[in-house]
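Here is the structure we will look at.
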């Protein structure tokens with residue numbers, strides 16, 4: 686996977702809307718299970734997404750999604766957005 690965008694600003698892996706985790710895991714309900722609260726988080730104005738920071742990232746996935754191939758996401762890129770309860774993969778497409 687080449688592009689991994691994240692709007693969950695309070696995650697310790699979020700750097701200018703890019704995920705810096707070495708790998709991530711999307712759960713059955715499309716929640717990002719890798720999310721980890723940054724204890725030093727200070728809310729800022731909306732950030733403009735930056736170009737990808739690296740060439741590839743492993744994304745494990747348990748969701749019943751079109752891009753799930755044997756628990757590995759095969760999409761070219763995904764976006765993790767935030768909702769009221771948790772970060773969520775919004776690239777999800779039902780099979």
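Residue numbers (my numbering): 686 to 780.
Built from N, CA and C at the ideal position, the CB exists for glycine as well.
Straight-line gap, residue i to residue j (C-alpha atoms, nearest Å)
| i | j | result |
| --- | --- | --- |
| residue 772 | residue 763 | 12 angstroms |
| residue 719 | residue 709 | 5 angstroms |
| residue 761 | residue 726 | 29 angstroms |
| residue 707 | residue 742 | 6 angstroms |
Expected contact under 8 angstroms - CB spacing of residue i and residue j to nearest Å
| i | j | result |
| --- | --- | --- |
| residue 692 | residue 702 | 7 angstroms |
Among the options, nearest to residue i - alpha-carbon criterion
| i | options | result |
| --- | --- | --- |
| residue 777 | 742, 717, 741 | 717 |
| residue 697 | 728, 687, 715 | 728 |
| residue 770 | 695, 689, 688 | 695 |
Segment limits, beta strand (DSSP E) that includes residue i
| i | result |
| --- | --- |
| residue 727 | Per DSSP, residue 727 belongs to no beta strand (DSSP E) and is neither H nor E. |
In DSSP terms, what residue i is bridged to
| i | result |
| --- | --- |
| residue 690 | 703, 764 |
| residue 716 | 773 |
| residue 710 | 745 |
| residue 755 | According to DSSP, residue 755 bridges with nothing at all. |
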